[in-house]
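Chemist:
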Amino acid sequence: MVGLLTLENLGVNITALVAGLGVGGIAVALAVQNVLGDLFAALSIALDQPFVVGDFLIVDDFLGSVEYIGIKSTRLRSLSGEQIVISNSDLLKSRLRNYGRMSERRVLFATSITYETPLELIERVPGIIRKIVEAQPHTRFDRSHFATHAATSLDFETVYYVLSADYNRYMDIQQTINLQLHRELTELGVEFAYPTQRLLIARPPGRREEAEKRVRGTRHPREDAKAERPKH
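First residue of the sequence shown? That's 47 in my numbering, and the numbers climb one at a time after it.
This is how it looks when you write it as structure tokens:
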């Protein structure tokens, strides 16, 4: 603005220059809008800190740990080893799951047993599950209930918390629970259910009478008379 005012005072016609600068400014703004969007997104990430280097993120269908936060993009290292590059503006527009801020993990798992299980054993299952979960370190038991009469099984639902964000620790605890639960239910004679189908074949009404008539028609008359003879 100072330069334009100086030129105007020197008698230079700056109208065409101002118009050209306006058109040029619009062209430059359109050209760099994506870059500026990523730049402001990087500034927002730096100030707000929704995640930091080392956090594990899930962004739409992508997941990985944050490796680098730049001015234009953020780079994730996926579980399979490749690097995922996402622009900062796209990152802030997406729904993020930041597992780096997780203090504990809620776990829900189901246990299915067969319908042939006696009622007294069904009543014992929630208590057995609770005892097994509470015996594990770094856990907090929440609940265990007989939840559903499913199509082919009796389903129990259990919820507990792992007091750590470490995924490997969670899997170690769940594996121990599964093994101990399998062992104790097997010792009690409780069978785990698996998807099955039962086919019940019923004779339609009237077919049974027709079959009996055909059988009587093939018997000898003496056998019919013997069958109809009253007993004393």
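Even for Gly, the Cβ is constructed at its ideal location relative to N, Cα and C.
1) Let me confirm a value: Thr-185 is counted as buried when at least 16 other C-beta atoms fall within 10 Å, else exposed. Which label applies?
2) Using 8 Å as the threshold, is the stretch 190-207 in touch with the stretch 135-145, meaning 3 or more CB pairs across them?
3) Can you find the residues in the same chain that come closer than 7 Å, C-beta to C-beta, to Asp-188, ignoring five residues on each side of it along the sequence?
4) Assign Ala-196 to buried or exposed, taking buried as 16 or more other Cβ atoms, counted over all protein chains shown, within 10 Å of its Cβ.
5) Looking only at its own chain, which residues have a Cβ that is under 7 Å from the Cβ of Leu-85, when we skip the five neighbours before and after it?
6) Considering only the beta carbon of each residue, do Ala-239 and Thr-198 sit closer than 8 Å?
7) In angstroms, rounded to a whole number, what distance separates the CA positions of Asp-201 and Arg-215?
8) At a threshold of 7 Å, does Leu-142 count as lining the ligand GDP (C-beta to nearest heavy atom)?
9) Please list the terminal residues of the continuous alpha helix (DSSP H) segment that includes Gln-226.
10) At what residue ranges does the stretch 128-180 contain a whole run of the beta strand (DSSP E), taking only runs of 3 or more?
11) Quick one: is Phe-108 buried, meaning 16 or more other Cβ sit within 10 Å of its Cβ, or exposed?
12) For Ile-104, write down the residues that DSSP places opposite it in a beta bridge.
13) Just curious, the beta strand (DSSP E) that Phe-187 is in, first and last residue?
14) Leu-122 and Ile-130: beta carbons closer than 8 Å?
15) Give the straight-line distance between the Cα atoms of Ile-174 and Leu-165, rounded to the nearest whole angstrom.
Modeler: The answer reads as follows:
1) For the purposes of this step, residue 185 is identified with residue 139 of the sequence shown, where counting begins at 1. Its Cβ being crowded by 16 or more others within 10 Å, Thr-185 is buried.
2) Touching, no.
3) Taking the first residue of the sequence shown as 1, we reach residue 188 at position 142. Same-chain partners within the cutoff: Val-205, Tyr-206 and Tyr-207.
4) Looking up residue 196 in the sequence shown gives position 150. It is exposed - the Cβ of Ala-196 has fewer than 16 other Cβ atoms within 10 Å.
5) The count along the sequence shown starts at 1 and reaches residue 85 at position 39. Cβ neighbours of Leu-85 beyond the five flanking positions: Ile-117.
6) For the purposes of this step, residue 239 is taken as the residue at position 193 of the sequence shown. For the purposes of this step, residue 198 is taken as the residue at position 152 of the sequence shown. Yes, Cβ-Cβ distance for Ala-239 and Thr-198 is below 8 Å.
7) Translated into positions along the sequence shown, residue 201 becomes position 155. Translated into positions along the sequence shown, residue 215 becomes position 169. Cα-Cα distance, rounded: 26 Å.
8) No copy of the ligand GDP occurs in the structure displayed, which carries no ligand at all.
9) Stepping through the sequence shown from its first residue, residue 226 is reached at position 180. Per DSSP, Gln-226 belongs to the alpha helix (DSSP H) from 213-234.
10) 129-133, 142-144 and 151-159
11) The residue you call residue 108 lines up with position 62 of the sequence shown. Result: exposed.
12) For the purposes of this step, residue 104 is taken as the residue at position 58 of the sequence shown. Beta-bridge pairing links Ile-104 to Leu-109 and Arg-143.
13) For the purposes of this step, residue 187 is taken as residue 141 along the sequence shown, with counting starting at 1. Where Phe-187 is concerned, the enclosing beta strand (DSSP E) stretches over 185-195.
14) Start at 1 with the first residue of the sequence shown, and residue 122 comes out as number 76. Start at 1 with the first residue of the sequence shown, and residue 130 comes out as number 84. Yes.
15) Looking up residue 174 in the sequence shown gives position 128. Looking up residue 165 in the sequence shown gives position 119. Each residue's Cα considered, the two are about 15 Å apart.
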